[in-house]
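Note sheet for the following structure.
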Amino acid sequence: MLSAVLFLLLSVHALADTCPQGSIDYGDRQECIYPVNSNGNYTIARQICQNLNGQLIKIRDIFENVMTGTEAEMAIGTNSQSFIGVINTPNNVWIYDDGTPLQYQNWAPGHPLSNATCAVQSCAKNYQWTSVGCDESYTFICSIPETTTSTTTTTKTTTTTTTTTTTTTTTTTMTTTTTTTTTTTTTTTTMNPCSSADGWVARAGFCYYFHNAQLQLKKQSFNQSEAQKACRSRGAMLASVHSDEEFNFLKGNIATNSKNQPDLYCQRDQALIGLTCVWPDEPAWFDKTPFDYDLTRGQCNLGYAIINDDRCGSDVDYWDDWADGTLFTRYICKKVDPRRSAPSSRLIFA
């Protein structure tokens, strides 16, 4: 009898993106935005980011800029100024730290200064950039590549061969036994559904939060950055709008009249939504869903808000545009309802 044993190991991996504790996943860039609440000069900040297998963040569009600023406010503080991966060359040309040209810039008025060498993002200035010296000491923001966890399935195949021989006949019998051993590492995130007790309203696969819907908090006011930060703290973004039905739903939840709100200010009492526009670009939603529904009346500005009160005339049928820093008493947040899969136009940051 002849016996042979063969082992075949097959590994199948299921990958899941993860970010370090204290950072947030920005899926569009396959990166984790990681604000570091520790001061150092640019060289130290750069080295710490590299030690984390990352780099000082390379901000490439307005959405990444807002996302970075929002996370810095939450992790470091509302008045924080943090190094980003933008530097000045000897030829006075500003580039990313990795040597590539800037794809986006958001300098504060009067900046960049020709004698400055590095840049910080200023939360107190609506995430604008200020040029500074690289030897100065600031907090900083790293960009770290997403890591992965894996599920591994191992299959062991054992083959036994038995040979029997006579003077006239040779018979060979092969028996195959397959044993599968599966080792699975699963990370489960428990998400709460839209809870009316927490102020959320469910509609068509999304959850909406109408802050100060009936203007009961007259003394509160928010600019766009502050409202966006408040939505982010709830795991959402300022709302995007994609149809007449959705717009009417939003208006229905913020409707006021002379009986329930006699002291109305048609500008200040509007509700902020998540739209911005930097000329000459077309308007864009903060959540990066398609801009497929337009009530801007062709106006391009940094912020937009809505209202639903007959005393405000035609404003109720459109999105009013406003300059950066304009204050409002209301805002609307939106996130994917965790009880169902997001539609194709899913929220990127929610």
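Numbering (mature numbering (1 follows the signal peptide of the UniProt record, and there is no 0)), first residue to last: -16 to -1, 1 to 334. C-beta: ideal position from N, C-alpha, C; glycine also.
In terms of Cβ geometry, I43 and Q112 do not form a close pair [threshold 9 Å]. Non-local beta-carbon contacts of L256 in its own chain, meaning distances under 8 Å to residues more than five positions away in sequence, involve F206, Q208, A211, L222, G287, Y288, A289, F312, R314, Y315 and I316 in chain order.
Cβ-Cβ distances below 6 Å link Y192 to V185 and K318 in the same chain, with the five nearest sequence neighbours on each side left out; the list follows chain order. Residue pairing from DSSP places N72 in a beta bridge opposite W78. In chain order, H195, F206, Y315 and C317 place their CB closer than 8 Å to the CB of A214, counting only its own chain and leaving out the 5 sequence neighbours on each side.
DSSP places Q212 in the helix class (H, G or I) of the three-state scheme. Within 10 angstroms of the beta-carbon of T27 lie fewer than 16 other beta-carbons, which makes it exposed. S115 is positioned such that its CB atom lies closer than 9 Å to that of L97.
Looking only at N285, Q254 and F275, the smallest Cα-Cα distance to W263 is reached by N285.
Annotation for G287: the continuous beta strand (DSSP E) segment containing it runs G287 to I290.
Q5 and A59 have their C-alpha atoms roughly 12 Å apart.
The distance from the Cβ of T240 to that of D301 is about 16 Å, inconsistent with a contact at the 8 Å cut-off.
In chain order, T114 and S115 place their CB closer than 6 Å to the CB of H95, counting only its own chain and leaving out the 5 sequence neighbours on each side. By DSSP's assignment, F67 forms a beta bridge with V104 and F124.
Along the length of the segment 240 to 265, whole beta strand (DSSP E) runs at least 3 residues long occupy 255 to 257, reported in chain order. Along the segment 11 to 66, the alpha helix (DSSP H) occurs as fully enclosed runs of 4 or more residues at 26 to 35 and 46 to 59, listed in sequence order. Between I8 and S66, the gap from beta carbon to beta carbon reaches 9 Å or more. Here the alpha carbons of E230 and A220 stand approximately 17 Å from one another. Secondary structure note for F233: its alpha helix (DSSP H) is the uninterrupted segment D228 to N237. With contacts defined by Cβ atoms closer than 9 Å, N63 and D308 do not form a contacting pair. If you look at H195, you'll find it in the beta strand (DSSP E) that goes F190 to H195. In the same chain as D276, and ignoring 5 residues on each side of it, the C-beta atoms closer than 7 Å to its own belong to H226, in chain order.
Ranked by Cα distance from S242, the first of D119, Y88 and R295 is R295. Put simply, of Y18, I71 and A100 the residue whose alpha carbon is nearest the alpha carbon of T123 is Y18.
Secondary structure note for Y315: its beta strand (DSSP E) is the uninterrupted segment R314 to V320. In the three-state scheme derived from DSSP, where H, G and I count as helix and E and B as strand, D304 is classed as strand. In this structure, the alpha-carbon of G38 lies about 37 Å from that of S179.
If you ignore the 5 residues before and after P129, its C-beta comes within less than 7 Å of the C-beta of Q14, E15, N37 and G38, all in its own chain and listed in chain order.
When secondary structure is reduced to three states using DSSP, S115 falls in the strand class. Spatial neighbours of C118 in its own chain (CB-CB distance under 8 Å, excluding positions within 5 residues in sequence) are listed in chain order as N25, Y26, T27, I71, T101 and C102. At least 9 Å separates the beta-carbon of I46 from that of I68. Where V185 is concerned, the enclosing beta strand (DSSP E) starts and stops at W184 to R187.
CA-to-CA, the gap between D304 and R218 works out to about 25 Å. Under the DSSP assignment, T2 falls in the beta strand (DSSP E) whose first and last residues are L(-8) to T2. Ranking Q200, T260, D247 and E120 by CA distance to the CA of V50 puts T260 first.
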